[in-house]
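**Q** Residue numbers (our numbering): 139 to 444.
We put the CB at the ideal spot given by N, CA and C, even for glycine.
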Amino acid sequence: MESDTDVLTAGSPVNPVGRLLVVGAGYTGRRLAAAAARQGFEVVQTSRRPPSGATPGPWLRFDTQGGVIPEPADLQRITHLFVSVPPDGQGGDPVLRLLESRLGALPLVWAGYLSTTGVYGDTAGAWVDESAPTPARPGRSQARLEAEQAWLASGLPLQIFRLPAIYGPGRTPFEALRSGTSRLIHKPGQVFSRVHVDDIVGAVLHCLALPAERRPTLLNVADDEPSSSSETLAYAAHLLGCPLPPLERFSSIEASLSPMARSFWQENRRVSNRRLCRELGYRLRYPSYREGYRDCLSSSKGEPLG
Ligand SMILES: NC(=O)c1ccc[n+]([C@@H]2O[C@H](COP(=O)([O-])OP(=O)(O)OC[C@H]3O[C@@H](n4cnc5c(N)ncnc54)[C@H](OP(=O)(O)O)[C@@H]3O)[C@@H](O)[C@H]2O)c1
Numbered sequence: 139m140e141s142d143t144d145v146l147t148a149g150s151p152v153n154p155v156g157r158l159l160v161v162g163a164g165y166t167g168r169r170l171a172a173a174a175a176r177q178g179f180e181v182v183q184t185s186r187r188p189p190s191g192a193t194p195g196p197w198l199r200f201d202t203q204g205g206v207i208p209e210p211a212d213l214q215r216i217t218h219l220f221v222s223v224p225p226d227g228q229g230g231d232p233v234l235r236l237l238e239s240r241l242g243a244l245p246l247v248w249a250g251y252l253s254t255t256g257v258y259g260d261t262a263g264a265w266v267d268e269s270a271p272t273p274a275r276p277g278r279s280q281a282r283l284e285a286e287q288a289w290l291a292s293g294l295p296l297q298i299f300r301l302p303a304i305y306g307p308g309r310t311p312f313e314a315l316r317s318g319t320s321r322l323i324h325k326p327g328q329v330f331s332r333v334h335v336d337d338i339v340g341a342v343l344h345c346l347a348l349p350a351e352r353r354p355t356l357l358n359v360a361d362d363e364p365s366s367s368s369e370t371l372a373y374a375a376h377l378l379g380c381p382l383p384p385l386e387r388f389s390s391i392e393a394s395l396s397p398m399a400r401s402f403w404q405e406n407r408r409v410s411n412r413r414l415c416r417e418l419g420y421r422l423r424y425p426s427y428r429e430g431y432r433d434c435l436s437s438s439k440g441e442p443l444g
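(1) Do you know whose CA, among A372, E392, Q297, L395, lies nearest P384's CA?
(2) Determine the direct distance from the alpha carbon of T370 to that of P151, and round the result to whole angstroms.
(3) Unbroken alpha helix (DSSP H) runs of length 4 or more, entirely within the stretch 300 to 365: which are they?
(4) Return the CA-CA distance between P442 and G306, expressed in angstroms with no decimal places.
(5) Can you tell me where the alpha helix (DSSP H) with S390 in it begins and where it stops?
(6) Relative to ligand 1, is the shortest distance from any of its heavy atoms to the C-beta of I304 smaller than 7 Å?
(7) Quick check on DSSP: helix, strand or coil for D93?
(8) Since D337 and D361 should fall inside the 8 Å C-beta cutoff, what is the C-beta to C-beta distance between them, to a whole number of angstroms?
(9) Decide if L296 is buried, meaning its Cβ has at least 16 other Cβ atoms within 10 Å, or exposed.
(10) When the Cα atoms are used, what is the spatial distance from G277 to E284?
(11) Using the Cα positions of L135 and R157, report the straight-line distance between them to the nearest angstrom.
(12) On a Cα-Cα basis, can you pick out the residue from P208, R407, R332, L395 that is closest to P425?
(13) What is the residue span of the beta strand (DSSP E) that S253 lies within?
(14) Can you tell me whether S365 sits near ligand 1, meaning its C-beta is under 7 Å from at least one heavy atom of the ligand?
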């Protein structure tokens with residue numbers, strides 16, 4: 139079977155659907171790049187450290203902190219832009235800060251920006267859709283809102299994809315269960331929304347296949363079943379056939395958590411995918427963590443337990 143690397147090194151398609159620039163080819167960006175290449179896009183990816191042996195052209199160096207930006211010649215004929223670089227806390231968006239004038243000169247027909255459902259804040263477990271308020275709060279959420287606002291003000295043909303916790307191959311509870319580092323934490327009433335990385339890719343490509351006027355500017359990409367972390371961990375342990383770690387009550391361990399982990403647990407919301415699945419007709423490949431975890435486990439078979 140053709141691998142992602144094969145697809146991306148096979149050379150440019152003869153009549154590409156478009157030329158896609160993936161700014162920030164990390165976990166999600168690389169999977170989107172590979173899927174777009176399979177659909178006939180010519181793909182260019184950026185990283186602060188492109189993989190060793192990577193061909194220049196398909197890979198560009200881009201580092202907002204080091205001020206390393208691609209040359210205009212490398213960006214010629216880019217028609218589609220996909221950005222997955224997070225904000226850096228300096229206000230606005232780091233990609234736009236360095237590249238806005240170069241991007242504005244491109245024949246772009248579509249730009250996708252990956253954001254987070256963290257912008258909705260804590261809703262005490264209530265469902266949120268794209269019309270929900272995005273309360274200003276200091277820290278990461280405020281930085282993300284400012285980045286979204288900078289993209290919205292860019293005048294590019296933009297779609298913002300708001301994502302909950304991303305999981306997929308290599309990013310599941312299996313890794314921590316196998317290494318004995320997972321924690322079973324229970325906070326009554328607390329749920330988290332999630333999405334499998336291939337449903338982000340699927341949702342983005344689904345939007346690209348729609349007529350431009352049907353593409354919403356804001357889109358939540360989440361699965362159908364927000365669930366507690368203890369429920370999902372229990373299912374992962376069941377699939378692995380390994381014991382669960384001892385149950386810890388959130389109230390007893392809260393003080394020992396890092397500020398990042400504490401802020402994660404302070405927000406309780408259910409993210410609605412109604413717009414994506416009902417209005418735009420996208421069919422989730424992984425409607426819940428159960429299908430997603432089973433698939434991740436079968437694709438990682440052979441890895442030793444603990
Ligand atoms: N992970 C989650 O659960 C989650 C949830 C909601 C939203 N999000 C957001 O969704 C997006 C994609 O998530 P992901 O997990 O796929 O991200 P990821 O794997 O961390 O990839 C992020 C990409 O951004 C690039 N990047 C980071 N800092 C940069 C800088 N200073 N200059 C240039 N490039 C830089 C990285 O470059 P290198 O290739 O050099 O590392 C990488 O390619 C991110 O914005 C993330 O914040 C993530």
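**A** This is what the structure holds:
(1) Position 246 of the sequence shown, counted from the first residue, corresponds to residue 384. Checking every option, the nearest Cα to that of P384 belongs to A372.
(2) Position 13 of the sequence shown, counted from the first residue, corresponds to residue 151. Position 232 of the sequence shown, counted from the first residue, corresponds to residue 370. P151 and T370: Cα-Cα distance of roughly 41 Å.
(3) Whole alpha helix (DSSP H) segments, 4+ residues: 311 to 317, 335 to 347.
(4) By 1-based counting over the sequence shown, the position of residue 442 is 304. By 1-based counting over the sequence shown, the position of residue 306 is 168. Here P442 scores only 46 on pLDDT, less than 50, and its place in the model should not be relied on; the value that follows carries that caveat. Their Cα atoms are separated by approximately 18 Å.
(5) Position 252 of the sequence shown, counted from the first residue, corresponds to residue 390. Taken as a continuous stretch (DSSP letters only), the alpha helix (DSSP H) holding S390 covers 388 to 391.
(6) Taking the sequence shown and counting its residues from 1, the one referred to as residue 304 is at position 166. Set against 7 Å, the gap from the CB of I304 to the closest heavy atom of ligand 1 is smaller.
(7) Only positions 139 to 444 of the chain appear in this structure, which leaves residue 93 out of reach.
(8) Position 199 of the sequence shown, counted from the start, is the residue given in the question as residue 337. Position 223 of the sequence shown, counted from the start, is the residue given in the question as residue 361. Indeed they touch by this definition, with Cβ atoms about 7 Å apart.
(9) Position 158 of the sequence shown, counted from the start, is the residue given in the question as residue 296. It counts as buried.
(10) The residue labelled residue 277 in the question sits at position 139 within the sequence shown. The residue labelled residue 284 in the question sits at position 146 within the sequence shown. So the alpha carbons of these two residues sit roughly 11 Å apart.
(11) Because the chain spans 139 through 444 in this model, residue 135 falls outside it and cannot be assessed.
(12) For the purposes of this step, residue 425 is identified with residue 287 of the sequence shown, where counting begins at 1. It is R332 whose Cα lies nearest to the Cα of P425.
(13) To locate residue 253, count along the sequence shown from 1; it is residue 115. 248 to 254 is the span of the beta strand (DSSP E), which, as asked, contains S253.
(14) Start at 1 with the first residue of the sequence shown, and residue 365 comes out as number 227. No.
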